[in-house]
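All residue numbers for the sequence shown refer to the working numbering, where the first residue is 4 and numbers rise by one.
Following: one structure in structure tokens, then a few remarks.
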Amino acid sequence: MSDLEAVDAPIAYHLRRYTKTDGRVLRLYGRQPHTLPVTEDLPPVDPPNPHLRWHPLRQEWVIYATHRQARTFMPPAEYCPLCPVAEGGFPGEIPFADFEVAVFPNRFPGMQADAHDPPGLGVPTAPSNGLCEVLVYTSDHEASYAALSADRQALVVQAWIDRYRDLLGESQVQFVMPFENRGEAVGVTLHHPHGQIYAFPFIPPVVERMLDGFRKTPDLRSDLLRQADDGLAVAGDDRMQALVPPFARFPFEVWILPKVFHAGPWSFDAAEIRSFATLIGKVTATYDALFDRPMPLIMLLYAAPKGAEHVFPFHVQFLPFLRDTNKRKFLAGCEQGAGTFLVDVAPEDMAGRLRDVAVTR
Ligand SMILES: [Zn+2]
4 MSDLEAVDAP
14 IAYHLRRYTK
24 TDGRVLRLYG
34 RQPHTLPVTE
44 DLPPVDPPNP
54 HLRWHPLRQE
64 WVIYATHRQA
74 RTFMPPAEYC
84 PLCPVAEGGF
94 PGEIPFADFE
104 VAVFPNRFPG
114 MQADAHDPPG
124 LGVPTAPSNG
134 LCEVLVYTSD
144 HEASYAALSA
154 DRQALVVQAW
164 IDRYRDLLGE
174 SQVQFVMPFE
184 NRGEAVGVTL
194 HHPHGQIYAF
204 PFIPPVVERM
214 LDGFRKTPDL
224 RSDLLRQADD
234 GLAVAGDDRM
244 QALVPPFARF
254 PFEVWILPKV
264 FHAGPWSFDA
274 AEIRSFATLI
284 GKVTATYDAL
294 FDRPMPLIML
304 LYAAPKGAEH
314 VFPFHVQFLP
324 FLRDTNKRKF
334 LAGCEQGAGT
344 FLVDVAPEDM
354 AGRLRDVAVT
364 R
């Protein structure tokens with residue numbers, strides 16, 4: 004079953020919804036209407052039922068998704084579940100011979116909208132009633148976000164915007180976070196270019212502290228933009244700024260800030276979508292050029308949690324995991340045990356080195 008819709012967005016696109024054999028809805032975003040026939044879809048698995056347990060010392064939820072250990076699906080070693088699937092080919096998540104951008108609910112999620120009946124224990128528990136989705140940037144297994152055309156990068160941003168709207172529209176969802184884990188150093192096993200989107204039924208602890216921070220320093224965004232002019236800028240244009248925050252915790256940490264306040268990218272106009280989409284590509288390409296090897300990193304899109312739309316400015320944080328060509332940044336005793344980061348490069352120097360790489364590209 005599928006339907007096709009022409010979406011009236013700042014940059015027009017088409018959205019096809021296809022209901023997979025196990026009931027999950029696959030969304031295909033394209034500049035062109037997607038009308039290819041269905042090929043080989045994956046067989047259904049038992050519905051997941053993750054739950055939360057309260058950690059009384061850290062005062063935060065821990066997600067338990069024990070079904071993830073019980074995956075019975077054993078694909079061939081060379082198999083990529085995010086690649087397009089030819090007629091008669093090995094089944095995949097996106098059962099079409101081609102696509103532009105695709106989003107679907109994770110098959111083995113840590114959060115599930117209809118999770119139920121958490122176990123009774125000596126600590127508080129709750130059903131893990133969020134949503135986890137996978138966003139595939141391209142059908143090309145060998146590509147990367149930075150290598151995509153500017154128009155395709157903009158389509159990825161528009162897919163994020165569409166998912167923000169839908170997921171924040173769910174009554175139980177409090178916070179939506181698109182992110183990308185990149186590189187084996189951060190545990191990536193699927194090399195097909197993709198990111199994930201987590202929709203939490205609570206405001207996670209890091210975001211709670213950020214929200215408190217924005218309340219206490221309402222001028223932080225404009226202060227950072229001003230400091231970009233004082234040597235912390237990496238790249239940007241008159242709509243978006245990439246910069247190293249003067250309090251960077253990771254070596255070569257970069258943030259992207261819109262030049263005007265937005266609670267989320269859903270209020271971007273066409274020019275802002277293009278500028279933002281291109282700058283993400285430019286920052287990742289700059290990272291890869293810095294040490295002349297792909298930089299393992301985490302990219303986080305931080306939009307306002309529900310109800311904080313006037314306080315929490317949308318921005319992106321890049322957390323890289325190399326501090327030199329062959330030196331990995333580890334989160335060890337001081338960071339994990341005390342929550343205190345030790346950094347051996349000054350943010351001003353990080354920005355200078357990134358800027359040198361960015362301008363020579
Ligand atoms: Zn692939």
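Glycine residues also receive a C-beta, built at the ideal position from the N, C-alpha and C atoms.
As the structure is a computational prediction, the values presented were derived from the model and not from experiment.
Span of the beta strand (DSSP E), counted from its first residue to its last, around residue i
i	result
S5	5-10
Y16	16-22
H54	54-58
P13	It is not in any beta strand (DSSP E) - P13 carries neither H nor E in the DSSP assignment.
A245	243-246
F321	318-323
P337	Correcting the residue identity first, residue 337 is Cys in this sequence and not Pro. Note, C337: premise wrong, no beta strand (DSSP E); not H, not E.
M302	300-305
T42	First-last for T42: undefined, no H or E at that position.
W258	257-261
F178	178-185
P84	Where P84 is concerned, there is no enclosing beta strand (DSSP E), given that its DSSP letter is neither H nor E.
T128	128-130
Residue i - containing alpha helix (DSSP H), residue span
i	result
W163	153-171
F107	Where F107 is concerned, there is no enclosing alpha helix (DSSP H), although the beta strand (DSSP E) it sits in stretches over 104-108.
I276	273-293
E211	208-219
R224	223-230
Residue i CB to nearest heavy atom of ligand 1 below 7 angstroms
i	result
L85	yes
H195	yes
H313	no
H37	no
H144	yes
For residue i, the nearest candidate out of the options (CA to CA)
i	options	result
H197	V104, D233, L246	V104
R34	L158, D49, A89	L158
D44	G26, P50, H58, H54	G26
P94	P248, P84, F102	P84
P87	V139, D120, P208	V139
V137	D347, R30, L325, L151	R30
K332	F324, Q339, E338	F324
Y91	L235, P40, H119, L55	Looking at the sequence shown, residue 91 is not Tyr but Gly. Cα-wise, what sits closest to G91 is P40.
R110	H195, N329, V28	V28
A100	T42, M114, R61	T42
V179	A311, A361, D347, R19	A311
L193	Y82, Y67, P53	Y82
R356	T289, F321, V346	T289
D169	C135, R326, V65, Q156	C135
P268	I200, V348, Q161, G172	Q161
Buried or exposed by the 16-neighbour rule on C-beta atoms within 10 Å, applied to residue i
i	result
P122	exposed
L246	buried
D165	buried
H58	exposed
V237	buried
N132	buried
H265	buried
K23	buried
T38	exposed
E256	buried
K309	exposed
R358	buried
P221	exposed
P46	exposed
A390	The question about residue 390 has no answer here: the residues shown for the chain are numbered 4 through 364.
T69	exposed
Cutoff 8 angstroms: residue i Cβ touching any chain E Cβ
i	result
Y82	Chain labels in this structure do not include chain E; a single protein chain is all it has.
Q.
Below 8 angstroms, how does it come out for the stretch 142-156 and the stretch 203-215: are there three or more Cβ pairs, yes or no?
A. Judged by Cβ distances under 8 angstroms, the stretch 142-156 makes no contact with the stretch 203-215, as fewer than three pairs qualify.
**Q.** the stretch 335-348 touching the stretch 275-288, judged by at least three CB pairs closer than 8 angstroms
**A.** At 8 angstroms Cβ cutoff, the stretches do not touch.
Q) Counting pairs of Cβ atoms below 8 angstroms between the stretch 259-276 and the stretch 303-322, do you hit three or more? A) The stretch 259-276, when compared against the stretch 303-322, does touch it at the 8 angstroms Cβ threshold.
Q | Meets three-Cβ-pair contact criterion under 8 angstroms: the stretch 222-234 and the stretch 181-192 | A | Counting Cβ pairs under 8 angstroms, fewer than three are found: no touch.
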